[in-house]
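There are 2 protein chains.
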Amino acid sequence: MGETAGRSLRADAERSVRAILEAAERVLAEEPGASMEQIAAAAGVARTTIHRRFANRQALIEALASSAARQLARAVDDGRPDTAPPLVAMHRITANVLQVKSAWAFALELPADPDSEAAVLHQDIARRCIAVLKRAQDDKLIDEAADLDWVRRVYYALIGESLHGNAEGADPDTLAARIIDTLLHGAGPRA
Amino acid sequence: MGETAGRSLRADAERSVRAILEAAERVLAEEPGASMEQIAAAAGVARTTIHRRFANRQALIEALASSAARQLARAVDDGRPDTAPPLVAMHRITANVLQVKSAWAFALELPADPDSEAAVLHQDIARRCIAVLKRAQDDKLIDEAADLDWVRRVYYALIGESLHGNAEGADPDTLAARIIDTLLHGAGPRA
DNA sequence: ATGAGTCGCAACAGAAGTGTTGCAGTTATA
DNA sequence: TATAACTGCAACACTTCTGTTGCGACTCAT
Chain A
113 MGETAGRSLR ADAERSVRAI LEAAERVLAE EPGASMEQIA AAAGVARTTI
163 HRRFANRQAL IEALASSAAR QLARAVDDGR PDTAPPLVAM HRITANVLQV
213 KSAWAFALEL PADPDSEAAV LHQDIARRCI AVLKRAQDDK LIDEAADLDW
263 VRRVYYALIG ESLHGNAEGA DPDTLAARII DTLLHGAGPR A
Chain B
113 MGETAGRSLR ADAERSVRAI LEAAERVLAE EPGASMEQIA AAAGVARTTI
163 HRRFANRQAL IEALASSAAR QLARAVDDGR PDTAPPLVAM HRITANVLQV
213 KSAWAFALEL PADPDSEAAV LHQDIARRCI AVLKRAQDDK LIDEAADLDW
263 VRRVYYALIG ESLHGNAEGA DPDTLAARII DTLLHGAGPR A
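Given below as structure tokens:
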């Protein structure tokens with residue numbers, strides 16, 4: 113049977129759903145084609161339990177994407193993108209996002225249908241990201257002729273790249289500092 | 113049966129292999145889990161023909177990765193990384209790489225075993241990439257304190273990002289110019 | 001404590017993919 | 001042209017995954 117978004121579940125059922133989503137992230141990150149059986153085993157749950165909550169493999173993956181997108185949105189909000197000084201907001205947001213993305217890398221890189229909840233959230237996040245960049249631009253931190261959408265894409269790419277070679281688990285604040293420094297100044301000689 | 117690297121094939125067989133590899137790139141780029149049947153159909157070939165040349169799905173994918181890596185290596189070489197002035201080499205290499213990567217995106221983002229031919233080629237490419245950056249650094253184009261491995265990773269990320277939003281098919285030279293400009297100067301205000 | 005919700009287990013049917021083989025017909029190449 | 005290579009097609013056995021059902025046991029909520 114399975115439900116994508118039903119009414120409130122019992123406490124133990126809710127625990128199972130969380131365990132399944134976390135296991136799915138862990139397993140699928142290493143092997144995108146992994147079977148429901150593998151995910152169930154990693155979650156410490158029977159395969160049938162997954163099918164009770166999620167009708168399809170598809171439904172599970174969509175729920176995973178939505179869950180991760182919500183956490184990402186919260187990570188951005190926690191950085192006070194509208195009120196904090198641009199540089200402070202960028203640093204805090206970047207550090208927060210790095211942590212969320214390192215835990216939900218697979219789910220957040222999932223291609224989402226344009227009308228899914230995850231896609232809407234990602235679109236909203238991009239909007240707020242550009243708003244922060246705009247404020248930075250007004251403060252002369254970013255060149256006035258810069259294409260903010262390109263800057264945002266570069267920013268995303270720097271975050272993604274920082275996570276690849278991070279098996280050692282460097283400090284998020286250190287990584288964030290390097291990301292923002294590179295974003296604003298590049299690799300050229302300093303004045 | 114299938115061979116990963118046999119002796120010289122007949123002309124028509126060689127054509128088939130090329131068609132299969134190109135179809136595999138096309139099909140797998142859209143659906144990484146696509147079946148051999150789908151690949152065969154896209155190549156205009158019977159499924160059994162694929163199995164004659166490639167023992168496994170695995171073998172096919174490795175051959176795909178190797179083929180793409182060789183083309184990428186050639187794209188770098190064509191930019192004269194050791195002899196041309198650093199800025200010229202960077203621009204030419206970037207434009208060449210953009211074209212190859214747009215045609216073989218799936219194959220080039222494939223995770224490769226450390227001892228595979230593709231992995232060796234990618235490692236060699238990274239080595240040459242850093243060599244060019246080093247020459248740029250000697251020419252004061254890159255800050256002397258910069259971590260060249262980080263610069264290389266940023267460079268890769270910028271190339272990857274440029275290809276995502278490129279459904280319109282912008283001019284490789286234009287894209288390359290923006291990539292190098294961003295790499296060296298970032299988004300901050302110009303002096 | 002009682003009832004509804006939840007779970008694990010076992011079993012099932014069905015779908016889809018993989019890899020192999022044999023053979024007849026076609027094509028390159030010497 | 002003669003030979004060997006190549007191809008498509010059909011059929012096969014085999015494995016794996018999916019999604020479902022039924023049932024007894026357990027657990028949360030009231």
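Sequence order for the protein chains is A and B. All residue numbers for the first sequence refer to the numbering used here, where the first residue is 113 and numbers rise by one. All residue numbers for the second sequence refer to the numbering used here, where the first residue is 113 and numbers rise by one. Built from N, CA and C at the ideal position, the CB exists for glycine as well.
Q) Should A:PRO197 go down as buried or exposed, given a rule of 16 or more other Cβ atoms within 10 Å for buried? A) exposed
Q. Which of the three DSSP states, helix, strand or coil, is assigned to B:ALA279?
A. coil
Q. Which residues bound the alpha helix (DSSP H) around A:THR160?
A. 159 to 165 is the span of the alpha helix (DSSP H), which, as asked, contains A:THR160.
Q) Would B:LYS213 be called buried (16 or more neighbouring beta carbons within 10 Å of its own) or exposed? A) buried
Q. Looking only at C-alpha atoms, which of B:ASN168, B:ARG204, B:ALA141, B:LEU220 sits nearest to B:SER179?
A. B:LEU220
Q. Taking buried to mean at least 16 other C-beta atoms within 10 Å of its own C-beta, is A:VAL244 buried or exposed?
A. Around the C-beta of A:VAL244, 16 or more other C-beta atoms lie within 10 Å, and the residue is accordingly described as buried.
Q | Exposed unless 16 or more other CB atoms sit within 10 angstroms - verdict on A:SER274 | A | Answer is buried; the Cβ neighbour count reaches 16.
Q.
Can you find the residues in the same chain that come closer than 7 Å, C-beta to C-beta, to A:LEU253, ignoring five residues on each side of it along the sequence?
A. PRO198, LEU199, LEU296
Q | Opening and closing residue of the alpha helix (DSSP H) in which A:ASN208 lies | A | 198 to 215
Q: Locate the alpha helix (DSSP H) running through B:PRO284, then write down its first and last residues.
A: 284 to 297
Q.
Using the three-state DSSP reduction, which class does B:LEU176 fall into: helix, strand or coil?
A. Looking at B:LEU176 - three-state DSSP - the assignment turns out to be helix.
Q. Smallest Cα separation from A:THR53: which of A:ALA269, A:GLU134, A:ARG122, A:THR161?
A. Outside the shown range of chain A, which is 113 to 303, sits residue 53 of chain A, and nothing can be said about it.
Q) According to the neighbour-count rule (16 or more other Cβ atoms, all chains shown, within 10 Å of its Cβ), is B:ASN278 buried or exposed? A) exposed
Q) Excluding the five sequence neighbours on either side, which residues of its own chain have a C-beta within less than 8 Å of the C-beta of B:SER128, listed in chain order? A) Excluding sequence neighbours, B:SER128 sits near ALA155, VAL157, THR161, ARG165.
Q) Using a C-beta to C-beta distance shorter than 8 Å, which residues of chain B count as neighbours of A:ARG265? A) GLU273, HIS276, GLY277
Q. If you follow the alpha helix (DSSP H) that B:ASP124 is part of, which residue opens it and which one closes it?
A. 123 to 142
Q. Does the beta carbon of B:LEU210 sit closer than 9 Å to a beta carbon anywhere in chain A?
A. no
(Q) Please tell me whether, using a cut-off of 8 Å, the distance from the CB of B:LEU245 to the nearest non-hydrogen atom of the ligand NAD is below it. (A) Although the ligand NAD was asked about, the structure shown includes no ligands whatsoever.
Q) Using a beta-carbon distance below 9 Å, is A:ILE57 in contact with chain B? A) Residue 57 of chain A lies beyond the range of chain A shown here (113 to 303); nothing can be said about it.
(Q) Check this for me: beta carbons of A:ALA288 and A:LEU222, under 9 Å apart or not? (A) no
**Q.** Span of the alpha helix (DSSP H) around B:LYS252
**A.** Premise fails: B:LYS252 is in no alpha helix (DSSP H) and is neither H nor E.
Q. Which whole-angstrom value describes the C-beta separation of A:ALA181 and A:ASN208, a residue pair presumed to lie in contact below a C-beta threshold of 8 Å?
A. Contact between A:ALA181 and A:ASN208 fails: their C-beta atoms lie close to 14 Å from each other, not under 8 Å.
Q.
Between A:GLU256 and chain B, is the shortest Cβ-Cβ distance under 9 Å, so that the two count as touching?
A. yes
Q. By how many angstroms is the C-alpha of A:PRO284 removed from the C-alpha of B:ALA239?
A. The residue you asked about is not Ala; residue 239 of chain B is Arg in the sequence shown. Near 28 Å, if we compare the C-alpha coordinates of A:PRO284 and B:ARG239.
Q. Taking 9 Å as the CB-CB cut-off, is A:LEU133 touching chain B?
A. Cβ-Cβ to chain B under 9 Å: no for A:LEU133.
Q.
Less than 9 Å between CB atoms is the rule here; does A:LYS99 satisfy it with respect to chain B?
A. A query on residue 99 of chain A cannot be resolved here, the shown segment of chain A reaching from 113 to 303 and no further.
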